[in-house]
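Under UniProt numbering, the first residue of the sequence shown carries the number 1, and numbering increases by one thereafter. For each residue, glycine too, the CB sits at the ideal point set by N, CA and C. Below is one structure, written out as structure tokens; comments come after it.
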Amino acid sequence: MAPKLFLTGGTGYIGGSVLHTLATAHPDYDITVLLRNIPPTFTTTYPRINVVLGDYDSADLLAAHAAATDIVIHSGDSDHEPSLAALLSGLRRPRPSPGYLIHLSGTGIVADWQDEALLGKLNPKVWSDVSSLGEIQALPWTALHRNTERILHAEAAQGGGQVNVAIMCPPDIYGRGKGLGKARSAFVPFFVQEARRVGRVFYYGEGANTRSWVHIDDLMRVYLRVVEAAVAGGSAAVDFFNGNGYYFAGTQEHSHLEVARVVGRVLHQGGVIEDPEPMQVNLEQLDLMLKPIMPGLSRYLFASNSRTRAERAESLFGYRGEAPRLSEALPHDVLDCLH
Ligand SMILES: NC(=O)c1ccc[n+]([C@@H]2O[C@H](COP(=O)([O-])OP(=O)(O)OC[C@H]3O[C@@H](n4cnc5c(N)ncnc54)[C@H](OP(=O)(O)O)[C@@H]3O)[C@@H](O)[C@H]2O)c1
Numbered sequence: 001m002a003p004k005l006f007l008t009g010g011t012g013y014i015g016g017s018v019l020h021t022l023a024t025a026h027p028d029y030d031i032t033v034l035l036r037n038i039p040p041t042f043t044t045t046y047p048r049i050n051v052v053l054g055d056y057d058s059a060d061l062l063a064a065h066a067a068a069t070d071i072v073i074h075s076g077d078s079d080h081e082p083s084l085a086a087l088l089s090g091l092r093r094p095r096p097s098p099g100y101l102i103h104l105s106g107t108g109i110v111a112d113w114q115d116e117a118l119l120g121k122l123n124p125k126v127w128s129d130v131s132s133l134g135e136i137q138a139l140p141w142t143a144l145h146r147n148t149e150r151i152l153h154a155e156a157a158q159g160g161g162q163v164n165v166a167i168m169c170p171p172d173i174y175g176r177g178k179g180l181g182k183a184r185s186a187f188v189p190f191f192v193q194e195a196r197r198v199g200r201v202f203y204y205g206e207g208a209n210t211r212s213w214v215h216i217d218d219l220m221r222v223y224l225r226v227v228e229a230a231v232a233g234g235s236a237a238v239d240f241f242n243g244n245g246y247y248f249a250g251t252q253e254h255s256h257l258e259v260a261r262v263v264g265r266v267l268h269q270g271g272v273i274e275d276p277e278p279m280q281v282n283l284e285q286l287d288l289m290l291k292p293i294m295p296g297l298s299r300y301l302f303a304s305n306s307r308t309r310a311e312r313a314e315s316l317f318g319y320r321g322e323a324p325r326l327s328e329a330l331p332h333d334v335l336d337c338l339h
């Protein structure tokens with residue numbers, strides 16, 4: 001019988017890409033997607049995908065669908081606790097064999113943005129999704145995404161008795177999304193937006209703060225392998241879930257200044273800014289950026305380090321970057337923001 005999957009965030013950059021990847025690679029899967037807005041071309045593009053109308057606060061609906069599903073892929077809002085609780089409660093209901101939950105988190109959890117002394121500087125700390133897992137599980141409550149990861153680690157600690165858990169923890173992502181909704185990632189559009197507002201690309205401190213990156217296509221290869229392991233189930237899934245189920249996905253890292261120089265050149269060539277050279281901003285200027293969206297977001301995105309190694313996927317299936325590297329793809333992503 002076809003495996004039953006329930007996916008959220010199917011109009012998002014990441015979730016839409018996951019949906020497209022699965023629908024393309026496995027048209028035999030029985031997929032249901034939760035949407036609060038249905039794109040006009042959704043049913044013609046994905047005639048075999050079932051749609052359920054609802055949002056993350058539709059707790060009963062989420063629980064009922066999770067209960068009737070083999071694999072839940074929760075991918076729209078990494079911090080939304082009520083939806084996670086509802087999905088877990090549905091998956092925990094009596095079933096012939098334990099279900100699977102593949103939850104989207106992010107490497108914001110290990111970013112050093114809350115330590116002012118490190119902003120703009122290179123932090124030598126590099127996190128592994130294998131050897132640093134204990135340290136990640138002990139991060140303070142104030143770390144990004146820690147509120148949901150703590151729930152997932154507690155579930156995973158039960159070793160798949162009721163629910164098998166995988167936590168997908170991508171770094172900054174680039175490249176065009178594959179879904180019908182949002183096709184742009186977060187970092188580049190935010191950086192371009194602020195560069196246009198202040199008239200120059202910018203950096204804080206030394207601009208040496210460094211972050212890991214992954215192309216959306218490479219990230220989708222990790223998702224595909226983890227979903228396929230859940231579909232295979234049994235012993236094939238043991239290596240991919242619970243104590244073994246934490247996934248970084250970065251394929252490269254870049255300092256902020258490296259990224260700012262490329263963005264500056266592209267914006268200058270496009271006639272958007274006069275001076276392509278990055279300028280230094282002070283903390284007050286930095287803190288004004290993106291403040292209405294979330295205080296501290298600019299420190300996190302533009303001045304913090306978040307250096308991670310995808311060692312688990314590398315050891316499981318020889319994962320390494322195959323898609324174009326950031327230096328190649330960044331000009332397209334920047335131009336995409338101008339249209
Ligand atoms: N992009 C990155 O570089 C990156 C990297 C690591 C982690 N993350 C994390 O991954 C998560 C998703 O990122 P993204 O870039 O894919 O975001 P996105 O493009 O904004 O997509 C969000 C998706 O979730 C849906 N959604 C959000 N809140 C919902 C709610 N209350 N009820 C129903 N649907 C809801 C949206 O539906 P609508 O279309 O109806 O709005 C959309 O489908 C975020 O929490 C982000 O922090 C992102």
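Any non-hydrogen atom of ligand 1 within 7 Å of residue i CB
i, result
"D172", "yes"
"I14", "yes"
"A186", "yes"
"L326", "no"
"D217", "no"
"Y56", "yes"
"T11", "yes"
"residue 357", "What the structure shows of the chain is the stretch from 1 to 339, and residue 357 is not part of that stretch, so it cannot be assessed."
"R299", "no"
"K121", "no"
"R196", "no"
"R176", "no"
"L104", "yes"
"S212", "no"
"G76", "yes"
"G245", "no"
"R95", "no"
"D112", "no"
"G250", "no"
"R36", "yes"
"G181", "yes"
"D129", "no"
"D60", "no"
"D79", "yes"
Span of the alpha helix (DSSP H) around residue i
i, result
"S212", "S212 -> not in any alpha helix (DSSP H); beta strand (DSSP E) instead, spanning 210–215."
"S97", "Element bounds for S97: n/a, residue is neither H nor E."
"I136", "133–137"
"V281", "No alpha helix (DSSP H) holds V281; the beta strand (DSSP E) holding it covers 279–281."
"Y46", "Looking at the DSSP string, Y46 is not in any alpha helix (DSSP H), and its letter there is neither H nor E."
"Y13", "13–25"
"I151", "146–156"
"D60", "59–67"
"F317", "311–317"
"V272", "First-last for V272: undefined, no H or E at that position."
Residues of its chain near residue i, where Cβ-Cβ distance is below 7 Å and the 5 sequence neighbours each way are ignored
i, result
"V272", "R196, L338"
"L286", "Y204, S298, R299, F302, A303"
"L257", "Y203, G207, A208, P278"
"L326", "Y174, W213, Q252, H254"
"N147", "D79, E81"
Where residue i falls, given that 16 or more other Cβ within 10 Å makes a residue buried
i, result
"K125", "exposed"
"residue 340", "In the structure displayed, the chain extends from 1 to 339; residue 340 sits before or after that span and is not available."
"A237", "buried"
"T8", "buried"
"M294", "exposed"
"S75", "buried"
"residue 347", "Because the chain is modelled from 1 through 339, residue 347 falls outside the range shown and cannot be assessed."
"P3", "buried"
"G318", "exposed"
"D60", "exposed"
"S131", "exposed"
"A63", "buried"
Contacting residues, own chain, Cβ-Cβ under 6 Å from residue i (five flanking each side not counted)
i, result
"S105", "S78, H145, E149, I167, C169"
"A329", "Y174, G175"
"F248", "D129, C169, T308, A310"
"I71", "L5, Y100, A230"
Start and end residues, beta strand (DSSP E) containing residue i
i, result
"V334", "Unbroken run through V334 is the alpha helix (DSSP H), 326–338; no beta strand (DSSP E)."
"D30", "30–35"
"H74", "71–74"
"N50", "50–53"
"N164", "163–169"
"Y247", "246–248"
"V201", "Run containing V201: none; DSSP gives neither H nor E here."
"S255", "252–255"
"T8", "4–8"
"D172", "172–174"
Close beta carbons around residue i, own chain, < 8 Å, minus the five adjacent residues each side
i, result
"D239", "A229, L316"
"R184", "Y13, R176, G177, D333, D336, C337"
"V163", "L88, L91, R92, P98, G99, Y100, L101, E155"
"G321", "V214, H215, D218, T251, Q252"
Within-8 Å CB hit, residue i to chain B
i, result
"S255", "This model lacks chain B altogether; it includes just one protein chain."
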